Each structure stands twice: as C-alpha cells, then as structure tokens.
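A.B. asks:
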Amino acid sequence: MAIKLSRRAWIRAIVYSSLAVAGGVGYLSSKLLEVVRVDVPVKGLSKRLDGLKIGVMSDFHAGAFTTRGEIIRAVKVLEREKPDFIALLGDYVDGAYSHSPKNVEKGDYVFDVFKGLRAPLGVYAVLGNHDHWTDAGLVREKLSKLPFVLLDNQSILIEDCLAVVGVDDFWEGPAYSHKAMGDLSPELVAVMLSHNPDVNLQLVGDSRVRLVISGHTHGGQIRIPVINYAPWIPCSRKYRGSSGLIRESESRWTYITKGVGTFFLPVRLACPPDVSIIRLRRV
Ligand SMILES: [Fe+2]
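According to my numbering, the residues represented by the sequence shown are 5 to 287, in order.
#1: Is any heavy atom of ligand 1 found at a distance shorter than 8 Å from the C-beta of G132?
#2: Based on Cα-Cα distance, which residue from V42, D63, D98 and L131 lies nearest to P87?
#3: For E74, is the classification buried or exposed, using 16 other Cβ atoms within 10 angstroms of its Cβ as the cut-off for buried?
#4: So if DSSP puts G170 in a beta bridge, which residue, or which two residues, is it bridged to?
#5: Straight-line CA distance for G224 to S218?
#6: Does any heavy atom of ligand 1 sit closer than 8 Å to the C-beta of D278?
#7: Are there any heavy atoms of ligand 1 lying less than 8 Å away from the beta-carbon of S62, as far as the coordinates show?
#8: By alpha-carbon positions, which one of D210, L125, P277 and A129 ends up nearest to F118?
#9: Distance check for V79 and T258, CA to CA, integer angstroms please.
#10: In whole angstroms, what is the alpha-carbon distance linking K57 and G126?
#11: Looking at the structure shown, is F2 part of a helix, part of a strand, or coil, going by DSSP?
#12: Is D95 near ligand 1, going by C-beta to nearest heavy atom under 8 Å?
#13: Could you check whether V193 and L284 sit closer than 9 Å to each other, using their CB atoms as the reference points?
#14: Quick one: which unbroken beta strand (DSSP E) runs of 3-plus residues sit fully inside the region 198–272? Chain order, please.
#15: Is Y113 buried or exposed, if buried means 16 or more other CB atoms sit within 10 Å of its CB?
#16: Where does S181 sit, in a helix, a strand or coil, going by DSSP?
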C-alpha cells in the first residue's frame with residue numbers, strides 16, 4: 005500500500021535528509037587533513053634566513069572529537085616537511101560545555117603524542133582560550149614536561165636577527181604584546197605566535213612584528229558552500245571564519261591556520277583541517 009505524505013511531511017523529510025547528508029559529508033571532511041604551504045615576504049629578513057620554514061599546528065581540542073590517531077597523523081605530516089622551527093598555537097584540549105579541569109586529563113593524549121616532536125630551532129607553544137577554560141596551570145604543567153618553550157607573553161631570540169614572540173590568549177590570558185616584545189630592536193624580524201588573530205589590535209603602529217601566526221577561527225569550521233559564509237564568529241568581524249594569509253600593513257602579515265581538530269561538532273564543511281608550512285622569503 006502506497007503511503008501518502010502531506011506537503012509538510014515532504015518538506016520535513018527533504019530538510020532532515022539534507023542535514024543528514026551535510027552532517028555525513030562534514031564528518032568525513034573533518035578527517036581530510038591538508039597541508040597548506042605559503043610563502044610570506046618579510047622585509048629585512050637576512051639572506052641566511054631566506055626560505056626558513058615554520059611548521060604550524062593549532063586547535064587540537066583533544067578530549068572532544070579529535071582522536072589520538074588524528075593528532076599522530078598531523079604530527080607525522082608536519083615532521084615530514086622538516087620545518088626549521090615549530091609553532092603550536094593552543095587549544096590543546098577542549099574546554100567546551102563543562103569548562104572542567106578534568107578535560108585536561110581527558111585530552112592528555114595530545115601531550116603524549118607531542119613527546120617526540122622536535123625541530124632544529126625549537127618548538128614554541130602558546131595557550132588558547134580552551135586551555136584556560138579547562139585549567140591553564142595544568143596545561144602549562146603538561147607542556148613544561150616536553151622539550152618545548154612555552155611563551156607566555158615572552159620573546160626569545162632564536163637566530164641573530166630573528167625573534168619569536170609568544171602571547172597568552174587574547175581573551176583569557178590576557179595577551180600583553182608589548183610586554184612580550186620587551187625592548188626588541190626594530191632591526192630584528194619578530195614573528196608573533198598568538199592563538200587569536202585579534203592580537204593585531206595591540207600592534208597598531210608597531211613595525212617590529214612582521215608576521216603574526218594564529219589559529220582560533222578554525223577557518224569558520226562550517227562554511228556554507230557557494231556563498232562561502234561562515235556563521236561562527238569567535239573573533240572580530242575582520243577575521244570572521246578567516247584562514248590563510250592576510251595583509252595587515254606595509255610590513256606585517258597575519259597567517260591563520262584552520263587547525264587540526266573540531267569544536268562543538270565533529271564536522272567541517274568546505275573547510276578541511278590543516279597543518280601549515282610557512283616559508284619566510286626575503287624582500
Ligand atoms: Fe579552537
């Protein structure tokens with residue numbers, strides 16, 4: 005016997021099946037890690053550092069939907085690229101819903117996977133808002149057991165004329181860019197690691213930082229295809245759902261990675277996770 009559906013039932017069936025298909029596609033695409041390679045022109049970069057490679061990973065959200073296997077794969081992909089130094093940009097664990105310190109233990113496997121991570125010029129880490137939403141002290145403690153340098157509003161000279169500056173999270177730290185840069189000479193090239201790209205608001209008029217490397221936006225995580233709109237806005241409008249290279253001023257760029265994991269839902273739409281390789285080019 006044929007079942008007759010009302011118009012409303014048909015519409016409901018079409019909407020539900022479209023959501024199911026989008027959810028399935030989104031779940032699968034959240035597993036398709038890509039390597040994004042980008043060249044950044046840097047004023048004042050020395051000849052010797054031309055071509056220096058920075059490996060970037062962010063937004064792991066371990067303990068929520070990102071598995072140990074996915075983080076192992078991201079680390080392997082990054083190591084294969086042989087970066088000169090590695091930048092880890094926070095949200096190692098997921099603080100959503102409960103904001104509980106227990107989430108650090110739940111996502112503890114991320115620190116375990118990091119144990120073998122090395123680079124010739126070092127591995128530098130900053131915290132993200134989710135690390136604060138769980139227990140920043142505990143996350144710091146976990147990172148301190150690794151051969152990494154945690155930059156909490158601090159800078160470090162890693163080559164004669166290259167400094168890495170790291171700020172605490174812009175929302176929760178907070179980030180103190182000027183304190184972090186201290187008395188770094190304008191002759192130096194400074195690369196700033198900041199979980200949240202909104203740190204640029206603190207850098208107006210400062211020419212020392214040539215490149216800010218950030219995560220946090222997840223590239224929008226869910227982007228509506230065709231109109232390319234990202235409804236999720238975790239920062240100022242300028243960086244709404246942004247990823248990739250953005251020109252800030254004559255001398256400064258921002259690069260935003262889409263990150264490794266997912267937040268809120270185990271879904272990415274038109275926005276795959278990534279590991280990024282930035283190459284500094286002398287201009
Ligand atoms: Fe995140």
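Virtual Cβ for every residue (Gly too), placed ideally from N, Cα, C.
This one's a predicted model, so the numbers in the text were calculated from it and none came from an experiment.
C.D. replies: Reading it off the structure:
#1: Yes, since a heavy atom of ligand 1 falls inside the 8 Å radius drawn around the Cβ of G132.
#2: V42
#3: The residue is buried, with at least 16 neighbouring Cβ atoms inside 10 Å.
#4: Q158 and L197
#5: 14 Å
#6: no
#7: Flag set: Cβ of S62 near ligand 1.
#8: A129
#9: Taking the straight line from one Cα to the other gives about 23 Å.
#10: 12 Å
#11: What is shown of the chain runs 5 to 287, which leaves residue 2 out entirely.
#12: yes
#13: Yes, these two residues count as a Cβ contact at 9 Å.
#14: 213–218, 248–251 and 257–260
#15: buried
#16: helix
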